[in-house]
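Working notes, beginning with the structure itself.
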Amino acid sequence: MAASHIARGAMIFRLHGLSIHPGAYAARTVSHLARFSVEKCVQNAVSLADFPKSGKMSFEGRGKCLKGFSPKQCRQISVSALGRTRAISTEAEETLRTRSTSTEEKESFDLIISRNVIDVLEERGLIESTTGDELRLHCSGPNGSPVKVYCGFDPTAESLHLGNLLGIIVLSWFQRCGHIPVALMGGATARVGDPSGKSVERPVLSDEAIERNLLGIRAVLEDILKVDRGSEKKPGKSGLHPPVIMNNYDWWKDFSLLEFLRDVGKYARVGTMMAKESVKRRLNSEEGMSYTEFTYQLLQGYDFLKLFKEDGVSVQIGGSDQWGNITAGTELIRKVLQQDGSHGLTWPLLLKSDGTKFGKSEGGAVWLSASMLSPYKFYQYLFGTTDADVIKLLKVLTFLDKEEIQRIESAMGTPGYVPNTAQRRLAEEVTRFVHGEEGLADAQKATDALAPGASTKLDVQALEAIVQDVPSCSVSRAEVLENPLVDICIKTGLLASKAAARRLIKQGGLYLNNEKVTDESQVLNTVDLIDDRMILLSAGKKNKLQKHLIVEA
18 MAASHIARGA
28 MIFRLHGLSI
38 HPGAYAARTV
48 SHLARFSVEK
58 CVQNAVSLAD
68 FPKSGKMSFE
78 GRGKCLKGFS
88 PKQCRQISVS
98 ALGRTRAIST
108 EAEETLRTRS
118 TSTEEKESFD
128 LIISRNVIDV
138 LEERGLIEST
148 TGDELRLHCS
158 GPNGSPVKVY
168 CGFDPTAESL
178 HLGNLLGIIV
188 LSWFQRCGHI
198 PVALMGGATA
208 RVGDPSGKSV
218 ERPVLSDEAI
228 ERNLLGIRAV
238 LEDILKVDRG
248 SEKKPGKSGL
258 HPPVIMNNYD
268 WWKDFSLLEF
278 LRDVGKYARV
288 GTMMAKESVK
298 RRLNSEEGMS
308 YTEFTYQLLQ
318 GYDFLKLFKE
328 DGVSVQIGGS
338 DQWGNITAGT
348 ELIRKVLQQD
358 GSHGLTWPLL
368 LKSDGTKFGK
378 SEGGAVWLSA
388 SMLSPYKFYQ
398 YLFGTTDADV
408 IKLLKVLTFL
418 DKEEIQRIES
428 AMGTPGYVPN
438 TAQRRLAEEV
448 TRFVHGEEGL
458 ADAQKATDAL
468 APGASTKLDV
478 QALEAIVQDV
488 PSCSVSRAEV
498 LENPLVDICI
508 KTGLLASKAA
518 ARRLIKQGGL
528 YLNNEKVTDE
538 SQVLNTVDLI
548 DDRMILLSAG
558 KKNKLQKHLI
568 VEA
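So the sequence shown is residues 18 to 570, counted in this note's numbering.
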């Protein structure tokens, strides 16, 4: 079939054999690649009479539009015409089929991805289980119609953490493939506590704590999933469906126990509920399981039923520990509504190469909110990823093309590879996704300021900006000026002994204001004070820094 045809004075694009999302593709003629530019769109049909004889036209402001494109999802399209009757040639169709071979052309398209999201997630190792092969077909619906997919987030803290990031990333992949992401905050279910993956019952949270947590989590979700958050090469998500954020307390607050037993409980079978892995594990433990926790799967199941019936949400996603809760929802939908069409997907637990769970630091959770963990510390946690884990994390935590990840992996095995290049890219991409360009810039500025051997000029403003992120102390000028640097390292607690300080100097691992210390007998002078107030002591390897100390004299 030709890439276009003309009928009754109208031009209609037909990209045969391709999955099309509105606004996702530009059309190319023999001589011109149409590029998206402004946030104008075209909606119905453009009369051929509108084509100028000069060969190029813009649909912007024509009043008549290209059929099938939504105003919110399209961009202006410029088409080079070969005369007034030939809009797109057969050669253009072949060009579109081979578009992925050109990096320049690829980057001209909108962020919406033409591939089936299930294929993308499988390729990146983000699928452990699905409710069936029907999910793949469901996610490539007729004419690219969007699917509504939801992930739940219980407000058990004032911020989401790195362990929750996979849920946001999978939602974002659905979003980038043309679907509608729904984030469901568990204002009601947090009052019960999900037993999945837990060895003991969660502590009961006060209503005030839950409300405070909901505000914090909503802010994180809105910030990360907003439609203008992108990547370095694609700085915006224009054309994507905006996220929908809901709170299940809105429907549970007026749901009585009798209504719950009548509308939900009667469809549940105790044997089936007890067969869930999360329940069996807890029943066999010393702690056991309370009735409150036992009913959690029904609460989450009803959430899916409500969203499916009233909001058209047909897919629920979650971590592997959520499989029992997700299938409780699909089963409830089939029994109550006598309908198929609900689907579930889980991703695998994210483990490091040493078998420990990714997302925990020595100080506890790695929070996504900048008010609870600075972008600098967030960046540094990711930068500290081992070589054994970094490629896996690039696949699951970033939106880099697989070809680019393969290039990074190949480069790691070459003699000229600069250590931690892959880690730096991981930290940049994930920090940008979570904290935006401004947060990434702050993290990089702090990193540069604390980099031993860096050429960045230190000043008090730079140090004060990061003083909350690194150990610091105040000592009198008399305690540091005209004193041996080795003694100052001990006095400030940077190192445990003079012997350790001297050994580190010999190894080239002690830095004063980012300059390597080579003389064991070096004395600190007034000229060493930054703006006559501070010094920065750093101990550790240049590429894997261990410890910093800001001293204010």
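By construction, the Cβ of each residue, glycine as well, lies at the ideal position given by its N, Cα and C atoms.
The model shown is predicted, which means the values in this text are computed figures rather than measured ones.
Below 7 Å between beta carbons: does that hold for residue i and residue j?
i, j, result
"ARG576", "GLY233", "Given that the chain is displayed from residue 18 to residue 570, the structure contains no residue 576 and the question cannot be resolved."
"VAL237", "SER386", "yes"
"MET263", "LEU183", "no"
"VAL383", "TYR398", "yes"
"THR448", "ALA460", "yes"
"GLY435", "GLU304", "It is Val, not Gly, that sits at residue 435 in the sequence shown. Cβ atoms of VAL435 and GLU304: not closer than 7 Å."
"ASN301", "GLN317", "no"
"LEU143", "TRP364", "yes"
"THR206", "ASP171", "yes"
"VAL503", "ALA518", "yes"
"ASN230", "GLU310", "no"
"MET306", "ARG298", "no"
"ILE130", "ARG193", "yes"
"LEU366", "SER337", "yes"
"TRP269", "LYS323", "no"
"GLY329", "LYS165", "yes"
Out of the options, point me to the one whose CA is closest to residue i's CA.
i, options, result
"LYS352", "VAL332, GLU310, THR309, ARG286", "ARG286"
"LEU411", "GLU445, LEU390, ARG494", "GLU445"
"GLU499", "ARG520, ASN542, LEU566", "ASN542"
"CYS156", "HIS196, LEU188, SER146", "HIS196"
"LYS369", "LEU278, GLY180, TYR393, LEU257", "GLY180"
"LEU362", "PHE375, GLY335, GLY341", "GLY335"
"GLU348", "PHE325, GLY456, GLU228, ILE227", "PHE325"
"SER359", "ASP267, ASP320, ALA207", "ASP320"
"SER331", "TYR167, ASP136, PRO501, ASP548", "TYR167"
"LEU475", "VAL164, ILE547, GLY456, VAL137", "ILE547"
"SER189", "ASP150, GLU145, LEU457, VAL261", "VAL261"
"ALA468", "LEU222, TYR393, GLY256", "TYR393"
"LYS409", "LYS283, ILE422, THR373", "ILE422"
"THR6", "SER388, LYS523, GLU420", "No answer is possible for residue 6: it lies beyond the span of the chain, which begins at 18 and ends at 570."
"GLY149", "TYR308, ASP357, GLU276, LYS419", "ASP357"
"TYR396", "GLU276, LEU457, ASP545", "LEU457"
"VAL199", "VAL221, LEU242, ASP271", "LEU242"
So what does DSSP say about residue i, is it helix, strand or coil?
i, result
"SER555", "strand"
"TYR434", "coil"
"LYS409", "helix"
"MET306", "coil"
"MET389", "coil"
"VAL281", "coil"
"MET383", "Going by the sequence as given, residue 383 is Val instead of Met. VAL383 falls in the coil class under three-state DSSP."
"ASN264", "strand"
"HIS452", "helix"
"HIS155", "helix"
"ASN230", "helix"
"LEU417", "coil"
"PHE395", "helix"
"THR289", "helix"
"ALA205", "coil"
"GLN485", "coil"
"GLY184", "helix"
"CYS194", "coil"
"THR173", "coil"
"GLY510", "coil"
From the DSSP output, which residues share a beta bridge with residue i?
i, result
"LEU362", "THR147, ILE334"
"LYS374", "LEU368"
"PRO501", "VAL540"
"TYR167", "VAL199, GLN333"
"GLU569", "SER491, MET551"
"LYS533", "TYR528"
"HIS178", "TRP384"
Leaving out the 5 sequence neighbours to the left and right, which residues in its chain are closer than 7 Å to residue i when beta-carbon positions are compared?
i, result
"ILE567", "LEU480, VAL484, VAL487, SER489, MET551, LEU553"
"VAL407", "ALA439, GLN440, LEU443"
"ARG141", "LYS412, VAL413"
"PRO69", "Reliability of the predicted coordinates at PRO69 is poor, the pLDDT of 37 falling under 50, and the value obtained from them is presented with this limitation in mind. Answer for PRO69: no residue qualifies."
"SER538", "PRO501"
"TYR284", "LEU349, LYS352, VAL353"
Which residues in the same chain have their Cβ closer than 8 Å to the Cβ of residue i, if we skip the five residues on either side of it in sequence?
i, result
"LYS177", "Strictly speaking, residue 177 in this sequence is Leu, with Lys absent from that position. Counting only Cβ-Cβ distances below 8 Å, and skipping sequence neighbours, we find PHE170, ILE185, ILE234, VAL237, LEU238, TRP384, LEU385, SER386."
"MET290", "VAL296, PHE311, GLN314, LEU315, ALA345"
"THR115", "Here THR115 scores only 39 on pLDDT, less than 50, and its place in the model should not be relied on; the value that follows carries that caveat. Answer for THR115: no residue qualifies."
What residues in its chain sit with their C-beta under 6 Å from that of residue i, if we drop five residues either side in the sequence?
i, result
"ILE425", "ALA439"
"SER391", "ASP486"
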